[in-house]
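*Asks:* Residue numbers (our numbering): 1303 to 1488.
Ideal placement from N, C-alpha and C gives every residue a C-beta, glycine not left out.
Keep in mind it's a predicted model, so treat the numbers as computed, not measured.
(1) Counting along the chain, where does the alpha helix (DSSP H) carrying residue 1486 start and finish?
(2) What are the complete alpha helix (DSSP H) segments, minimum 4 residues, inside the segment 1325–1412?
(3) In or out: residue 1413 buried (at least 16 other Cβ within 10 Å) or exposed?
(4) Measure the Cβ-Cβ separation of residue 1384 and residue 1477 and say whether it is below 8 Å.
(5) So that I know if they touch, is there some Cβ in chain C lying closer than 8 Å to that of residue 1472?
(6) Which value, in whole angstroms, describes the spacing of the CA atoms of residue 1418 and residue 1426?
(7) Okay, do the segment 1327–1339 and the segment 1385–1392 touch, 3+ Cβ pairs below 8 Å being the bar?
(8) Report yes if the C-beta distance between residue 1318 and residue 1360 is below 8 Å; otherwise report no.
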């Protein structure tokens, strides 16, 4: 007697296994880099944190993206998650304004809050997600403006420069805008 396997469960299990493999490969980059340079100094907590964040992104993507069969919805969701992850990673690792210890970098939490609250209020429906990602892009660009007013450059080491910080914020805002436009098409 042959055992029946739920094809949906089997597919999800394979996708989660692929996410785990991807996470392991990504985490091997700093592990290998640590063998060749003193510039990369990760401890167990860093690997655990990044592994957990990356797996959480995979699980969230699988849970939410499967709600729609439209590839444009899935792409929009993936790009939005990518933008949020990169913002978390860059801001946590080296900081966007000054260094990772600069209090102005805490303002970027507002971008995550806008994304989370907006997504929950929209119930992950495309139209509401579009507005949420546009709001996240706006918030992303608002953070350096507020930081500039609260921590002007002479009082803070604005590294790389005020222009550089706005350029980097524009990159993240662009990811959120692209995601928002794709959600609009979904």
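*Replies:* Short version:
(1) Stepping through the chain shown from its first residue, residue 1486 is reached at position 184. Segment 1464–1487, the alpha helix (DSSP H) holding residue 1486.
(2) 1346–1367 and 1373–1395
(3) Translated into the one-based positions of the chain shown, residue 1413 becomes position 111. Residue 1413 is buried by the Cβ-count criterion.
(4) Position 82 of the chain shown, counting from 1, holds the residue named residue 1384. Position 175 of the chain shown, counting from 1, holds the residue named residue 1477. In this structure, residue 1477 lies closer than 8 Å to residue 1384 by Cβ.
(5) No chain C appears in the structure shown, which is made up of a single protein chain.
(6) For this step, residue 1418 is matched to residue 116 along the chain shown. For this step, residue 1426 is matched to residue 124 along the chain shown. About 10 Å.
(7) no
(8) For the purposes of this step, residue 1318 is identified with residue 16 of the chain shown, where counting begins at 1. For the purposes of this step, residue 1360 is identified with residue 58 of the chain shown, where counting begins at 1. Going by C-beta atoms, residue 1318 is nearer than 8 Å to residue 1360.
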